[in-house]
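Participant: Residue numbers (the working numbering): 820 to 1557.
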């Protein structure tokens, strides 16, 4: 028997399934095969049923009923009823093989009708042999949507034009009895028996294999996805690291073990002054070290190869143009996959700015440590330090001293502070008088103002940096540095300038404090000298001529002594109050009382103490009681009235006005004196301050009255200030909360 393998699914167009026509049934092919096998068999061996269990030993009687009728409808049973051939001969052998086969075996005639199906085929399709015999196979096996194509394909095969079908293996979609479609693999063989052609199809259910293939495909797709993602991540990481290297602000260099450069990033080119990487690639990294540093660098490379440890080291390196700079180098050893050393990677950072900053800080600290007790000498020392640390050609310190503008220049340090002629032409003076508070460089100045500075014109300076110096909250001086070349100033240099300006401000406050102390000593000496001399003179006069004096003369002398004593007591009391205020022990004991009544009583008292003074009061009726310390507010009123009498022409009117305001009560003391210049209106409340200079002191007092008056008002929660009076004179106002 000639066997050819074919795939019935490939017979159909598009789907590849073999279609079969329906024809009237013929005598069973299994019967005729058995008959032919018996004629060829020399002995009548019993045919055993076999089936899937492989049992060929049971007699036929156990399997068939009377008259040879088969108890089962299966094709194997019908085949066994044909005769007694031996298993190894003819039809018995075919039956044994077919019954035991795991694959479905279906035999059809040239018209496509089923003539045989083995047990595996019955199980595969869900039909028994009796249900399919004589029926077209395509109606059983092929889904309806493919049947027309399958029928045509089988007809072409029967006419001999279906080339390539018989003898090949095909796959197609098959249909079970329950309507479930499944993938099927078919191989087809043909044979001719008694002049007729039969097709033997061996069918295998591919459902499990397809499932496994789908799973495998899914696993493969998953693995491919993982590999793809991993590859993409590695690519992204490589790009990320490359970007980090290229965009790093530090110089990164990769070398081999000998030190030859293999890679340098953009920052490395910038640090060493090169335009293209090719200028550095291939050169030895030691070529970029200062000659005196090469031996140490070579030893460090050898240490890393042996010990493989990383440390930061500072070296002096050279640029392309030969300039040298300080750098911090951190190098590490590189190894390959087998752990063998392959080269070095180093990170180099230019620390020249840091080194300069450290040197500047060292010089500034040394300057601060060398400052002495004289503020003016300290100002000169700080100015010299400014020129040195900022690497300028000249530094100048200009300050306002009394009515003059004084300047110290590093070009003439031995001259000290000298007055400026036409100070308004100097940048520093203009900065002080305009009350500027921020640092200024050449780019922020008007061109005319810069080039018009006398020293700029004389020495040809082209850039500068200026910083005002403040003391007690206002600009009193200015520090300037100037350079012969055009240059910008870094933020660090501006911070250095600001630090020096703050130190100069401290020295200005020290100088002002010492000046106030000197003025206080001068004024106190003058104030104390008069009552002490008066007491001493009258005491000597009384001691020498008391018996010769009449009553009136003695009374006059005693009165003068008492007045001098009261003046000394007032001076001592003022100093004591200042001392208590400075120590935070200046007490205020507030009670609710009648402020209007206190003003009236104090004005009347002062009329008696100040003969010739004209004091008027203006008090509104029905003024609400106020919470205040009566003794302290009385002292405040005395201070203001004495002050008004002191600076007013004799016989001029002094007015005291009380009025209710939103914040509480306001008291105003108004005189017709000479007034106070605008620049002194806030200073008059400072300790020891007097409008007149100490050496021209003509008015009695230590300059403590308004200072104490301000403390009284502030401790009450109020405010005190000075205003010019319309028509001339001064107005001192203070408020007390309701």
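Cβ atoms here follow ideal geometry from the backbone N, Cα and C, with glycine treated the same way. The structure displayed is predicted, hence computed values, not measured ones.
Is the stretch 1313–1325 touching the stretch 1280–1297 in the sense that three or more CB pairs, one from each, lie closer than 8 angstroms?
Facilitator: yes
Participant: Below 8 angstroms, how does it come out for the stretch 1406–1417 and the stretch 1441–1456: are there three or more Cβ pairs, yes or no?
Facilitator: They touch, by the three-pair rule.
Participant: Suppose contacts are defined by Cβ-Cβ distances below 8 angstroms. Is residue 1422 in contact with residue 1434 by that definition?
Facilitator: yes
Participant: As a quick exercise: from 1075, 1215, 1099, pick the residue whose alpha carbon is nearest that of residue 1150.
Facilitator: 1075
Participant: Using the C-alpha atoms, what's the distance from residue 1241 back to residue 1132?
Facilitator: 55 angstroms
Participant: Taking C-beta to C-beta, are residue 1012 and residue 961 nearer than 8 angstroms?
Facilitator: Not a contact, by the Cβ cut-off of 8 angstroms.
Participant: Is the beta carbon of residue 1259 closer than 8 angstroms to that of residue 1239?
Facilitator: no
Participant: By a C-beta neighbour count over all protein chains shown, 10 Å radius and 16 as the cutoff for buried, is residue 1051 buried or exposed?
Facilitator: exposed
Participant: For residue 1087 and residue 1072, I'd like the C-alpha separation in whole angstroms.
Facilitator: About 7 angstroms.
Participant: What are the complete alpha helix (DSSP H) segments, minimum 4 residues, inside the stretch 927–969?
Facilitator: 938–944, 948–951, 956–960
Participant: Residue 1131 lies in the beta strand (DSSP E); which residues open and close that run?
Facilitator: 1131–1137
Participant: Look up residue 1559 in the DSSP assignment and give the residues it is bridged to.
Facilitator: No information on residue 1559 is available, as it lies outside the stretch 820 to 1557 that the chain covers here.
Participant: First and last residue of the beta strand (DSSP E) that includes residue 1075?
Facilitator: 1070–1075
Participant: Give me whichever residues DSSP pairs with residue 1543 in a beta bridge.
Facilitator: 1549
Participant: Residue 1153 and residue 1109 look like a contact to me (Cβ under 8 angstroms); what is the Cβ gap, rounded to whole Å?
Facilitator: The pair is not a contact, with the Cβ atoms about 25 angstroms apart (cut-off 8 angstroms).
Participant: Measure the CB-CB distance between residue 1017 and residue 933 and report whether it falls below 8 angstroms.
Facilitator: Going by C-beta atoms, residue 1017 is not nearer than 8 angstroms to residue 933.
Participant: For residue 1018, which three-state DSSP category applies?
Facilitator: strand
Participant: Our contact map puts residue 1386 next to residue 1350 with C-beta atoms below 8 angstroms; I'd like the distance itself, whole angstroms only.
Facilitator: 5 angstroms
Participant: Can you tell which of 1464, 1311, 1483, 970 has its C-alpha closest to the C-alpha of residue 930?
Facilitator: The shortest C-alpha separation from residue 930 is found at 970.
Participant: DSSP on residue 1038, reduced to helix/strand/coil?
Facilitator: In the structure shown, residue 1038 sits in a helix (DSSP, three-state: H, G or I).
Participant: Among 1437, 1371, 1176, which one has its Cα closest to the Cα of residue 1309?
Facilitator: 1176
Participant: Count the other CB atoms within 10 Å of the CB of residue 1495; is the residue buried (16 or more) or exposed (fewer)?
Facilitator: buried
Participant: Do residue 1558 and residue 1214 have their CB atoms nearer than 8 angstroms?
Facilitator: Any answer about residue 1558 is impossible in this case: the structure gives the chain only from 820 up to 1557.
Participant: From the DSSP output, read off the bridge partner residues of residue 1171.
Facilitator: None, per the DSSP bridge assignment.
Participant: Let me know if residue 1265 comes out buried or exposed under the rule of 16 or more other beta-carbons within 10 Å of its beta-carbon.
Facilitator: exposed
Participant: Below 8 angstroms on the Cβ atoms is my contact criterion, and I expect residue 1482 with residue 1556 to pass it. Report the Cβ-Cβ distance as a whole number of Å.
Facilitator: 6 angstroms
Participant: Going by alpha carbons, who is nearest to residue 1231 out of 1189, 1254, 1274, 1250?
Facilitator: 1274
Participant: Given residue 1143, which residues of its chain have a CB within under 8 angstroms of its CB, disregarding the five upstream and five downstream residues?
Facilitator: Counting only Cβ-Cβ distances below 8 angstroms, and skipping sequence neighbours, we find 1109, 1135, 1136, 1137.
Participant: In its own chain, which residues sit with a C-beta less than 8 angstroms from the C-beta of residue 1360, not counting the 5 before and 5 after it?
Facilitator: 1376
Participant: Based on the DSSP output, what are the partners of residue 1486 in its beta bridges?
Facilitator: 1477, 1553
Participant: As an exercise, report each continuous beta strand (DSSP E) stretch of at least 3 residues that is fully enclosed by the stretch 1039–1115, in chain order.
Facilitator: You should have 1070–1075, 1080–1083.
Participant: If you follow the alpha helix (DSSP H) that residue 988 is part of, which residue opens it and which one closes it?
Facilitator: Counting along the chain, residue 988 falls outside any alpha helix (DSSP H), though it belongs to the beta strand (DSSP E) covering 988–994.
Participant: Give me the Cα-Cα distance between residue 1002 and residue 942, rounded to the nearest whole angstrom.
Facilitator: C-alpha separation (whole angstroms): 15 angstroms.
Participant: Taking the beta carbon of residue 1048 as the centre, do at least 16 other beta carbons fall within 10 Å, making it buried, or is it exposed?
Facilitator: With a 10 Å radius around the Cβ and a threshold of 16 neighbouring Cβ atoms, residue 1048 comes out exposed.
Participant: Taking 8 angstroms as the cut-off, decide whether the C-beta atoms of residue 1078 and residue 1120 are in contact.
Facilitator: Contact flag set, yes.
Participant: Can you list, in chain order, the stretches of the alpha helix (DSSP H) that have 4 or more residues and sit fully within the stretch 1160–1239?
Facilitator: 1171–1188, 1194–1208
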